[in-house]
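J.: Shown below is the structure under consideration.
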Amino acid sequence: MARLEKLENGRQPADTVSLQTVGSQLDEESSLGSDSEVNGFPSSRETDKYGFIGGAQKYSAESAQDVPPEVLRQREVKWLDMLSNWDKWISKRFKKVRLRCQKGIPPSLRGRAWLYLSGGKVKKERNGEKFKELDSMEGDPKWMDVIERDLHRQFPFHEMFVSRGGHGQQDLLRVLKAYTLYRPEEGYCQAQAPIAAVLLMHMPAEDAFWGLVQICEKYLPGYYSAGLEAIQLDGEILNALLKRVCPIAYKHLDKHKIEPILYMTEWFMCAFSRTLPWASVLRVWDMFLCDGVKIIFRVGLVLLKSMLGTREKLKACPGQYETMELLRALEPKYMQEAYLVQQVLELPISVRNVEREHRVQLKRWRKTHGELRYKAAPRMHGARIIMDAEPHTRQDLRQKLPWHSDIWSSKADGKLVD
Amino acid sequence: MAKQYDVLFRLLLLGDSGVGKTCLLCRFTDNEFHPSHISTIGVDFKMKTLEIDGIKVRIQIWDTAGQERYQTITKQYYRRAQGIFLVYDITSERSFQHIMKWASDVDEYAPDKVQKILVGNKSDEEQKRQVATAQGNKLAKAYGMDFFETSAFTNHNITESFTRLAELVLQANKKDLDVLRVSINDKLNLAALEEEEGVCDSSSDAQKTCWC
Chain A
1 MARLEKLENG
11 RQPADTVSLQ
21 TVGSQLDEES
31 SLGSDSEVNG
41 FPSSRETDKY
51 GFIGGAQKYS
61 AESAQDVPPE
71 VLRQREVKWL
81 DMLSNWDKWI
91 SKRFKKVRLR
101 CQKGIPPSLR
111 GRAWLYLSGG
121 KVKKERNGEK
131 FKELDSMEGD
141 PKWMDVIERD
151 LHRQFPFHEM
161 FVSRGGHGQQ
171 DLLRVLKAYT
181 LYRPEEGYCQ
191 AQAPIAAVLL
201 MHMPAEDAFW
211 GLVQICEKYL
221 PGYYSAGLEA
231 IQLDGEILNA
241 LLKRVCPIAY
251 KHLDKHKIEP
261 ILYMTEWFMC
271 AFSRTLPWAS
281 VLRVWDMFLC
291 DGVKIIFRVG
301 LVLLKSMLGT
311 REKLKACPGQ
321 YETMELLRAL
331 EPKYMQEAYL
341 VQQVLELPIS
351 VRNVEREHRV
361 QLKRWRKTHG
371 ELRYKAAPRM
381 HGARIIMDAE
391 PHTRQDLRQK
401 LPWHSDIWSS
411 KADGKLVD
Chain B
1 MAKQYDVLFR
11 LLLLGDSGVG
21 KTCLLCRFTD
31 NEFHPSHIST
41 IGVDFKMKTL
51 EIDGIKVRIQ
61 IWDTAGQERY
71 QTITKQYYRR
81 AQGIFLVYDI
91 TSERSFQHIM
101 KWASDVDEYA
111 PDKVQKILVG
121 NKSDEEQKRQ
131 VATAQGNKLA
141 KAYGMDFFET
151 SAFTNHNITE
161 SFTRLAELVL
171 QANKKDLDVL
181 RVSINDKLNL
191 AALEEEEGVC
201 DSSSDAQKTC
211 WC
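Chains as they are written, first to last, in full-length UniProt numbering: chain A, 1 to 418; chain B, 1 to 212.
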């Protein structure tokens, strides 16, 4: 399965290469005097089915829910059909698409599905050579400096990113650099690196770039912009929703003055990619790219509710420190794939709830902080709304052949580009 | 129940992205160094208990994201700190130049009484050094701060620098400490600022004293 995934996503089967790079990194480090146990690498150096060689997010049978091969095969057939008639499925049978995202996208098609769901596919085809152009440009040294210092600090236990200067880190640099050139006024924010890295685990650099563009501009607009107002506002929204969903947890956090920004910044800015076991990350992203930010809110609420939802649990964390410790060390059973997905689906928090609370909190923000300094475009809640906002035809989803792309992009100038 | 600590306070690590704040902290609290670690997004923290002059000091150390963009978030926590590490990387001239900016932000947002020390990290990377020890010393002197060159990698000066800042915080709050010595059964919670009412009253009883 893992192999199929790699082939489908247009990456060469890199198992042998990556194992070598893992080995060479270990050698390099041992020459520096540190030992592999300390670095957290398992002595076997085996990768799990997601490409992790160690770390907290590595696959374990308890954290994941395995799908029988025959079920997976059926799902693949269904997804292949959806992907080849994408515009129709999204406009006419979106509920079915959503249901299938909730069940989990087959690993072999996940990269393509994410790119289609996010609208990155259409963006890519409409913008022809844009990525190539950005990719060949010099980056602004101001951003390159920060990006380069972050390259080895993203999923260091994943085979793609484990070796310094390896292909994963190189692609990460290309994608992040391209974004700073695409949106020079935005530049680079550190939390964009894990987002881009997750995408790169599933698709080539150009696709990952357009996926990143969509996440930054449609799903989580303003999250990565100077001032970080949007994430702080979402912290307040999360808090207000928690008050409704789980008053006991809300009261406890309020009493100990644990502001949302203290525990939810990394959760939300990285879309839980650093928090959950990998099987859960993938399922959350399947739903998130289909239905938008409400999924992120729901995951946050489920975790808070699970960890702090009863008096009994609160007894174990009577003060601020204990509570924060607890939220930093979430119990694995609450992050387990089947449990988490089930809870997320059952939690009655709708787009309308999020939007309503957004308006309330924005009003409060304006009173206390004044007008927002950064005016982000309105948030788009998922694949359907993104497509409605930028309707596309089947033509837009078709891969442009290289010799057509010039003609196509010159025709499209000014009309379709971005 | 035996008392786990006598005094509780909070330290903050500040400095440019990539200077090694998280590694300093891991070395101090867990005596570990991880070449493979992730960038800090937002704020994180760790705890450690030290014993200084027979007083059990519980310190909570806050680790912050270094990128300028995160400062709107991290600045909100300056006022909660009793001690601050200003960290630069001896192999990065720029991170050293930025110390001035970090220091002026601290002046603006942290409590007046806050204690600061200057830390030049990565002292093991002598061949890549861009900031001379003398430069660090000079800057620290200009600001009236203590100065340490450290290496989280080789464990050089780690305990020393953390202990020093903890001592400075204790000294700066000596008056309250004497109260503590008299009524040794009380816990002193320096970090109580936000747990109490934001503003603190110096005439409050020892248990609720906050040193800010």
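Cβ atoms here follow ideal geometry from the backbone N, Cα and C, with glycine treated the same way. This one's a predicted model, so the numbers in the text were calculated from it and none came from an experiment.
1) Is it true that the CB of residue 114(B) sits closer than 9 Å to the CB of residue 106(B)?
2) Got a sec, what are the start and stop residues for the alpha helix (DSSP H) residue 298(A) sits in?
3) Can you pull the DSSP bridge partners for residue 52(A)?
4) Evaluate the contact criterion for the stretch 167 to 187 of chain A versus the stretch 51 to 65 of chain B: three or more CB pairs, one atom per stretch, below 8 Å.
5) Using a Cβ-Cβ cut-off of 7 Å (strictly less than) and excluding sequence neighbours within five positions of residue 133(B), which residues of its own chain qualify?
6) Would DSSP call residue 10(B) helix, strand or coil?
7) Where do the N-terminal and C-terminal ends of the alpha helix (DSSP H) with residue 242(A) fall, by residue?
8) Mind checking residue 36(B): buried by the 16 CB within 10 Å criterion, or exposed?
9) Comparing the C-beta of residue 321(A) with each C-beta of chain B, is any distance below 9 Å?
10) Which same chain residues, not among the five before or five after residue 152(B), have their C-beta less than 6 Å away from its C-beta?
11) Are the stretch 113 to 131 of chain A and the stretch 206 to 216 of chain A touching, with three or more C-beta to C-beta distances below 8 Å?
12) Start and end of the alpha helix (DSSP H) containing residue 57(A)?
13) Could you check the C-alpha separation between residue 320(A) and residue 213(A) for me, to the nearest Å?
14) In three-state DSSP terms, what is residue 331(A)?
15) Under a CB-based cut-off of 9 Å, is residue 230(A) close to chain B?
16) When you compare the CB of residue 43(B) with every CB in chain A, is at least one pair closer than 9 Å?
17) Need the endpoints of the alpha helix (DSSP H) that residue 73(B) sits in, please.
18) Rounded to the nearest angstrom, what separates residue 40(A) and residue 106(A) at their Cα positions?
19) Closer than 9 Å, Cβ to Cβ, to anything on chain B: give me those residues from the stretch 324 to 341 of chain A, in chain order.
20) Under 9 Å, do residue 115(A) and residue 203(A) count as touching if we go by C-beta distance?
21) According to the Cβ coordinates, are residue 160(A) and residue 51(A) closer than 9 Å?
22) Where does residue 31(B) land, buried or exposed, given buried means 16+ other C-beta within 10 angstroms?
23) Can you tell me the Cα-Cα spacing of residue 90(A) and residue 91(B), whole angstroms?
24) For the alpha helix (DSSP H) containing residue 312(A), name the first residue and the last one.
25) Let me see if you follow: with CB-CB separation under 9 Å, is residue 154(A) close to chain B or not?
26) Please confirm if the stretch 363 to 377 of chain A is in contact with the stretch 215 to 232 of chain A, defined as three or more CB-CB distances below 8 Å between the two stretches.
27) I'd like the span of the alpha helix (DSSP H) that includes residue 366(A), first residue to last.
28) Output needed in chain order: residues of the stretch 182 to 215 of chain A with a Cβ under 9 Å from some Cβ in chain B.
29) Please confirm whether residue 180(A) and residue 139(A) have their CB atoms less than 9 Å apart.
30) Taking C-alpha atoms, which residue in 287(A), 332(A), 340(A) and 310(A) lies nearest to residue 104(A)?
31) Quick one: what's residue 47(B) bridged to in DSSP?
32) When you compare the CB of residue 265(A) with every CB in chain B, is at least one pair closer than 9 Å?
33) Whole-angstrom Cβ separation of residue 84(B) and residue 11(B), contact assumed at under 8 Å?
34) List the residues of chain B whose Cβ lies closer than 7 Å to the Cβ of residue 274(A), in chain order.
35) Using 10 angstroms around the beta-carbon of residue 201(A), count the other beta-carbons present and answer buried if the total reaches 16, otherwise exposed.
36) Closer than 8 Å, Cβ to Cβ, to anything on chain A: give me those residues from the stretch 62 to 73 of chain B, in chain order.
T.: According to the structure shown:
1) Counting from 1 along the second sequence, the entry for residue 106(B) is found at position 106. Counting from 1 along the second sequence, the entry for residue 114(B) is found at position 114. Against a cut-off of 9 Å, the Cβ pair of residue 114(B) and residue 106(B) comes out as a contact.
2) On the first sequence, residue 298(A) is found 298 positions in, with the first residue counted as 1. 294 to 308 is the span of the alpha helix (DSSP H), which, as asked, contains residue 298(A).
3) Walking along the first sequence from the start, residue 52(A) turns up at place 52. DSSP output for residue 52(A) lists 158(A) as bridge partner(s).
4) No: the two stretches stay apart, fewer than three of their Cβ pairs being nearer than 8 Å.
5) Taking the first residue of the second sequence as 1, we reach residue 133(B) at position 133. So the qualifying residues of the chain are 149.
6) For the purposes of this step, residue 10(B) is identified with residue 10 of the second sequence, where counting begins at 1. Note: residue 10(B) maps to strand in three-state DSSP.
7) In the first sequence, residue 242(A) corresponds to position 242, counting from 1. Element bounds for residue 242(A): 229 to 245.
8) As a working mapping, residue 36(B) is identified with position 36 in the second sequence. With 16 or more Cβ atoms within 10 Å of its Cβ, residue 36(B) is classed as buried.
9) Counted from its first residue, the first sequence places residue 321(A) at position 321. Taking CB atoms only, residue 321(A) has a neighbour in chain B less than 9 Å away.
10) Position 152 of the second sequence holds residue 152(B). 20, 23, 24, 27 and 33.
11) By the C-beta criterion, the stretch 113 to 131 of chain A is judged to be in contact with the stretch 206 to 216 of chain A, since at least 3 inter-stretch pairs fall below 8 Å.
12) Taking the first residue of the first sequence as 1, we reach residue 57(A) at position 57. In the DSSP assignment, residue 57(A) falls outside any alpha helix (DSSP H), carrying neither H nor E.
13) If you number the first sequence from 1, residue 320(A) lands on position 320. If you number the first sequence from 1, residue 213(A) lands on position 213. Answer to the nearest angstrom: the Cα atoms are 37 Å apart.
14) The sequence position of residue 331(A) within the first sequence is 331, counting from 1. Looking at residue 331(A) - three-state DSSP - the assignment turns out to be coil, as it is neither helix nor strand.
15) Taking the first sequence and counting its residues from 1, one reaches residue 230(A) at position 230. It does not: the Cβ of residue 230(A) has no partner Cβ on chain B nearer than 9 Å.
16) Along the second sequence, read from residue 1 onward, the residue named residue 43(B) stands at position 43. Yes, residue 43(B) counts as interfacial toward chain A.
17) Here the question's residue 73(B) lines up with position 73 in the second sequence. Per DSSP, residue 73(B) belongs to the alpha helix (DSSP H) from 71 to 74.
18) The residue you call residue 40(A) lines up with position 40 of the first sequence. The residue you call residue 106(A) lines up with position 106 of the first sequence. At residue 40(A), the pLDDT of 44 sits below 50, so the modelled position is not reliable and the matter cannot be decided from this model.
19) Correct list: 324, 325 and 328.
20) Position 115 of the first sequence, counting from 1, holds the residue named residue 115(A). Position 203 of the first sequence, counting from 1, holds the residue named residue 203(A). The Cβ-Cβ distance between residue 115(A) and residue 203(A) falls below 9 Å.
21) Taking the first sequence and counting its residues from 1, the one referred to as residue 160(A) is at position 160. Taking the first sequence and counting its residues from 1, the one referred to as residue 51(A) is at position 51. Going by C-beta atoms, residue 160(A) is nearer than 9 Å to residue 51(A).
22) By one-based count along the second sequence, residue 31(B) stands at place 31. It is exposed - the Cβ of residue 31(B) has fewer than 16 other Cβ atoms within 10 Å.
23) In the first sequence, residue 90(A) corresponds to position 90, counting from 1. In the second sequence, residue 91(B) corresponds to position 91, counting from 1. Pairing residue 90(A) with residue 91(B), the inter-Cα distance amounts to about 53 Å.
24) Looking up residue 312(A) in the first sequence gives position 312. First-last of the alpha helix (DSSP H) with residue 312(A): 311 to 315.
25) Working through the first sequence from its first residue, we reach residue 154(A) at position 154. It does: the Cβ of residue 154(A) has a partner Cβ on chain B nearer than 9 Å.
26) A contact exists between the stretch 363 to 377 of chain A and the stretch 215 to 232 of chain A.
27) Locating residue 366(A) in the first sequence gives position 366, where the first residue counts as 1. Residue 366(A) -> alpha helix (DSSP H) spans 351 to 369.
28) Answer set for the stretch 182 to 215 of chain A: 187, 188, 189, 190, 191, 193 and 194.
29) In the first sequence, residue 180(A) corresponds to position 180, counting from 1. In the first sequence, residue 139(A) corresponds to position 139, counting from 1. Taking 9 Å as the Cβ cut-off, residue 180(A) and residue 139(A) qualify as a contacting pair.
30) Numbered from 1 along the first sequence, position 104 holds the residue referred to as residue 104(A). Out of 287(A), 332(A), 340(A) and 310(A), the CA that lies nearest to the CA of residue 104(A) is found in 287(A).
31) Within the second sequence, residue 47(B) is the residue found at index 47, counting from 1. In DSSP, residue 47(B) forms a bridge with 60(B).
32) For the purposes of this step, residue 265(A) is taken as the residue at position 265 of the first sequence. Interface flag for residue 265(A) against chain B is set, since a Cβ pair is found closer than 9 Å.
33) Here residue 84(B) corresponds to residue number 84 of the second sequence, with the count starting at 1. Here residue 11(B) corresponds to residue number 11 of the second sequence, with the count starting at 1. Contact between residue 84(B) and residue 11(B) holds, with the beta-carbon distance rounding to 7 Å and staying under 8 Å.
34) Taking the first residue of the first sequence as 1, we reach residue 274(A) at position 274. Ordered by position in chain B, the residues that pass the 7 Å Cβ test against residue 274(A) are 38.
35) What you label residue 201(A) is simply residue 201 of the first sequence in a count that begins at 1. A residue is called buried once 16 or more other Cβ atoms fall within 10 Å of its Cβ, and residue 201(A) is buried on that count.
36) Cβ contacts with chain A come from 65, 67, 69, 70, 72 and 73.
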